[in-house]
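Protein chains in written order, with numbering that gives the first Met the number 0: chain F, 0 to 393; chain Z, 0 to 273.
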Amino acid sequence: MPAESAVQESSAEKSARVLTGSHFMLGDHACAEGALAAGLDMFAGYPITPSTEVAEHLAVRLPDVGGRFVQMEDELASIAAILGASAAGARSFTATSGPGFSLMMENIGLAAMMELPIVIVNVQRASPSTGLPTMVGQSDILQARWGSHGDYGIVAYCPSSPQECFDLTIDAFNAADRYRVPVFILMDEVVGHMAERVIIPAKGEIPFVARKGPTTQPGEGQFLPYAPDDDLVPPIAHAGEGYKVHMTGLTHDERGYPALTAETHDQLVNRLVDKVRLNAADIVDFEEDRVDDAETVVIAYGCTARSARAAVNQARAESIRCGLLRPKTIWPFPEQRIRRLLEAGTVKRFVVPEINLGQLRREVERLTQLPTLGLNHAGGAMPTPDAILEVIRS
Amino acid sequence: MSTTQQTDAAVIHPFDHLMRADRLPHIMCAGCGIGTVIHAYARAISESGIEPDRHVCVSGIGCSGRAAGYVNVDSYHTTHGRALPFALGIAVQNPELTVTVISGDGDLVAIGGNHFIHAARRNANLNVICINNFNYGMTGGQVGPTTPVGAKGTTAPKGSVEQPFNLPHLAKAAGASFVARWTILHVRQFTDAVLRSMQKKGFCFTEVLSPCPTSFGRRNKLGEGLDEVELYRQRSRIENGAQNLEELGIDIVNHDEPITLGNFVDVERPGFMV
Chain F
0 MPAESAVQES
10 SAEKSARVLT
20 GSHFMLGDHA
30 CAEGALAAGL
40 DMFAGYPITP
50 STEVAEHLAV
60 RLPDVGGRFV
70 QMEDELASIA
80 AILGASAAGA
90 RSFTATSGPG
100 FSLMMENIGL
110 AAMMELPIVI
120 VNVQRASPST
130 GLPTMVGQSD
140 ILQARWGSHG
150 DYGIVAYCPS
160 SPQECFDLTI
170 DAFNAADRYR
180 VPVFILMDEV
190 VGHMAERVII
200 PAKGEIPFVA
210 RKGPTTQPGE
220 GQFLPYAPDD
230 DLVPPIAHAG
240 EGYKVHMTGL
250 THDERGYPAL
260 TAETHDQLVN
270 RLVDKVRLNA
280 ADIVDFEEDR
290 VDDAETVVIA
300 YGCTARSARA
310 AVNQARAESI
320 RCGLLRPKTI
330 WPFPEQRIRR
340 LLEAGTVKRF
350 VVPEINLGQL
360 RREVERLTQL
370 PTLGLNHAGG
380 AMPTPDAILE
390 VIRS
Chain Z
0 MSTTQQTDAA
10 VIHPFDHLMR
20 ADRLPHIMCA
30 GCGIGTVIHA
40 YARAISESGI
50 EPDRHVCVSG
60 IGCSGRAAGY
70 VNVDSYHTTH
80 GRALPFALGI
90 AVQNPELTVT
100 VISGDGDLVA
110 IGGNHFIHAA
120 RRNANLNVIC
130 INNFNYGMTG
140 GQVGPTTPVG
150 AKGTTAPKGS
160 VEQPFNLPHL
170 AKAAGASFVA
180 RWTILHVRQF
190 TDAVLRSMQK
200 KGFCFTEVLS
210 PCPTSFGRRN
220 KLGEGLDEVE
230 LYRQRSRIEN
240 GAQNLEELGI
250 DIVNHDEPIT
260 LGNFVDVERP
270 GFMV
């Protein structure tokens, strides 16, 4: 593996889909490279700070590897276009930030209802509204889970480094295709605009989960596009494959036809939620450091986890029994791990630093009666290791 | 159609294979023109020489948005206003497909108006059929972007005070490669316009006037569906290639105003990702 990125940036390598090697890379660019390595076919997006570098990078790279890049007229169009591309078989992707993510909410519901796999990266900035466009935020955590109307399941990853921007973007595409759900990568401005070493493995080492297709040929019996298998996920047939599928945002039966009854609705919506809920053990991903004997467990994600790691190291040096639990999937939340910690009985309290006014803390509070301390900033600045250490010491 | 128990080949409709017969009867009101549009679309598919498996139908929300649910091709009933960018995504991913958007005036040029002008500007390879019934029918007759001044709707009980869009003029100005306007009375010409769209690359737009007796006709004294079709017959004039599209808006409730129909634009422009 070459030592640094200069070699990899040579023109001869530009058309390689997977830039195997070691790079010094921006988080936003690493996310784009992760999408390419995952087999991205189609990107549609609209410029918005601080995610624009994802689109700009793909505008250069994607056409060179046989993909299609489209700049749309707005975020409503961007998500609609990647849904259409997904319906035609593409691994499709868009990049946005808070205001654009808000505009995408309606069609996130359509993605959930039609069960069309899509991936959206939201490089979070300080919000609400236009907020601080160039400055960090982590305040779209609950919007990602609950933003579109109705009940549905989604998966959301939360990278803490450019390396994870690459790795988790690949996981995001695989989860989207595996479960046929919209999948989000909740980056933040600090991680998106940070450059660090990113190791890109050989093409053959990139994990790839293919969509489950029909087991019958077109015209051979009736293909039921919404008849789920035991894992609750139905096989998918794409536009042009000859299955003559019908997809709708209306409540539908196994044929995909509108079936506007309370019974069908209840069954369908429960399945949309359950295919993530009941497969959570396979989806949930987290990293932990010295939590087993910890009395104080810090739960942190994204850029905030970097400060938290330094704070935990310092506290340990001071012989304070603390540890770090860092969810890589915010949704589904590593709930079972926290329940096991509570059963073990060592933990006495949780600390949840985040760049919002306590969004993920609510999730922890839902699981425990133990004290759960927040360290919150509304956005524009990230908590320092010292500030987190002070809470740990308190 | 599908309710008959006869299986004799002689009674099967020639476009039966292009319809989802198991979804019939449809939800449209008596006198509505949407069925005629679907029939014309099926005929155009049949005459296009393109295999049904290579056709895709996309629609938005509203009565016209239900069209996609009845045609037996890959079909997508999307969200309100977003049929065009959804269809664009399909066309970009698989340029081999013939993608047709069937939707209503409210869906395509009110809530979806931005997508409409940009899809035309790009010359995206899409065929767009806009069923114009001058109002929001499914929600009970509210005024919309094509409602003529003075025409009544539940949200303009004393008559609309807003200027409506002239859709062929809008489409041409935004850059469409093919622009036509017909009515559901002019089935042959309308079908030919759709067929031309299928055989032509680029953004092809056909407006088709269609009665909505339940929500628009009765409130505006246009009578039953058939009465409005008779009105099309009396007031229509055909001017293919008309250059003065800006002067050819429609005032359906003013019985002195002619309704100009035709294939207005048929030009070659650089295609988008074709």
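Quick reminder that beta carbons are idealized off the backbone N, C-alpha and C, glycines included.
Tell me whether residue i is buried or exposed, calling it buried when 16 or more other Cβ atoms sit within 10 Å of its Cβ.
i: Ser58(Z); result: buried
i: Gly99(F); result: buried
i: Phe23(F); result: exposed
i: Lys347(F); result: exposed
i: Ser393(F); result: exposed
i: Asp176(F); result: buried
i: Gly261(Z); result: buried
i: Glu262(F); result: exposed
i: His237(F); result: buried
i: Arg180(Z); result: buried
i: Leu271(F); result: buried
i: Pro156(Z); result: exposed
Between residue i and chain Z, is the shortest Cβ-Cβ distance under 8 Å, so that the two count as touching?
i: Glu286(F); result: no
i: His89(F); result: Checking the displayed sequence, the identity of residue 89(F) turns out to be Ala instead of His. For Ala89(F), the answer is yes, since a Cβ of chain Z falls inside 8 Å of its Cβ.
i: Ile81(F); result: yes
i: Leu259(F); result: no
i: Thr93(F); result: no
i: Gly241(F); result: yes
i: Val69(F); result: yes
i: His245(F); result: yes
i: Leu109(F); result: yes
i: Gly248(F); result: yes
i: Asp394(F); result: With chain F covering only 0 through 393, there is no way to say anything about residue 394(F).
i: Tyr256(F); result: yes
i: Leu277(F); result: no
i: Ala226(F); result: no
Are residue i and residue j touching if we call contact CB-CB under 8 Å?
i: Ala34(F); j: Gly44(F); result: no
i: Glu353(F); j: Asn375(F); result: yes
i: His76(Z); j: Thr247(F); result: yes
i: Glu362(F); j: Arg320(F); result: no
i: Gly191(F); j: Asp27(F); result: yes
i: Val108(Z); j: Leu125(Z); result: no
i: Pro144(Z); j: Phe263(Z); result: no
i: Thr168(F); j: Ser96(F); result: no
i: Lys327(F); j: Cys164(F); result: no
i: Arg19(Z); j: Asn106(F); result: no
i: Ala80(F); j: Phe271(Z); result: no
i: Ile329(F); j: Leu185(F); result: yes
i: Leu359(F); j: Val351(F); result: yes
i: Leu231(F); j: Thr250(F); result: no
i: Ile235(F); j: Ser21(F); result: no
i: Arg67(F); j: Met41(F); result: yes
i: Glu195(F); j: Ser159(F); result: no
Assuming residue i and residue j make a contact with CB atoms under 8 Å, what is their CB distance in whole Å?
i: Cys129(Z); j: Glu206(Z); result: 5 Å
i: Gln141(Z); j: Gly88(F); result: About 38 Å; that fails the 8 Å criterion.
i: Ala299(F); j: Leu323(F); result: 7 Å
i: Asp222(F); j: Gly38(F); result: Reading off the sequence, residue 222(F) comes out as Phe, not Asp. Not quite, the Cβ-Cβ distance comes to about 25 Å (not below 8 Å), so this is no contact.
i: Phe115(Z); j: Leu83(Z); result: 6 Å
i: Thr371(F); j: Phe349(F); result: 5 Å
i: Ser176(Z); j: Val266(Z); result: 6 Å
i: Val135(F); j: Ser50(F); result: Their Cβ separation, rounded to whole angstroms, is 13 Å, which puts Val135(F) and Ser50(F) out of contact at 8 Å.
i: Ile140(F); j: Val180(F); result: Their Cβ separation, rounded to whole angstroms, is 17 Å, which puts Ile140(F) and Val180(F) out of contact at 8 Å.
Using 8 Å as the limit for Cβ to Cβ distance, is residue i near chain F?
i: Gly11(Z); result: Position check: residue 11(Z) holds Ile in this sequence, whereas Gly was assumed. It does not; no Cβ of chain F falls within 8 Å.
i: Met0(Z); result: Low per-residue confidence applies at Met0(Z): pLDDT is 43, beneath 50, and the placement is therefore not dependable enough to give any value.
i: Ala109(Z); result: no
i: Ile89(Z); result: yes
i: Leu96(Z); result: yes
i: Ala119(Z); result: no
i: His114(Z); result: yes
i: Thr3(Z); result: Model confidence at Thr3(Z) stands at a pLDDT of 47, short of 50, so the residue's coordinates are unreliable and nothing is read from them.
i: Gly68(Z); result: yes
Does the beta carbon of residue i fall short of 7 Å from some heavy atom of the ligand MN?
i: Ala175(Z); result: Looking at this structure, you won't find the ligand MN or any other ligand, since it has none at all.
Can you check the region 54-117 of chain F for any beta strand (DSSP E) of at least 3 residues that lies completely inside it and give the ranges in chain order?
-> 67-70, 91-95
Would you list, in sequence order, the uninterrupted alpha helix (DSSP H) runs of no fewer than 4 residues that lie entirely inside the region 271-337 of chain F?
-> 279-282, 301-316
Every unbroken beta strand (DSSP E) within the region 170-248 of chain Z, with a cutoff of 3 residues, ordered by chain = 177-182, 203-208, 235-237
Pick out the complete alpha helix (DSSP H) segments inside the region 41-126 of chain Z, 4 residues or longer, and give them in chain order.
-> 82-92, 112-121
Tell me the start and end of each unbroken beta strand (DSSP E) in the region 216-252 of chain F that is at least 3 residues and wholly inside, in chain order.
-> 245-247
In chain order, each beta strand (DSSP E) run of at least 3 residues that lies wholly inside the region 129-159 of chain Z = none
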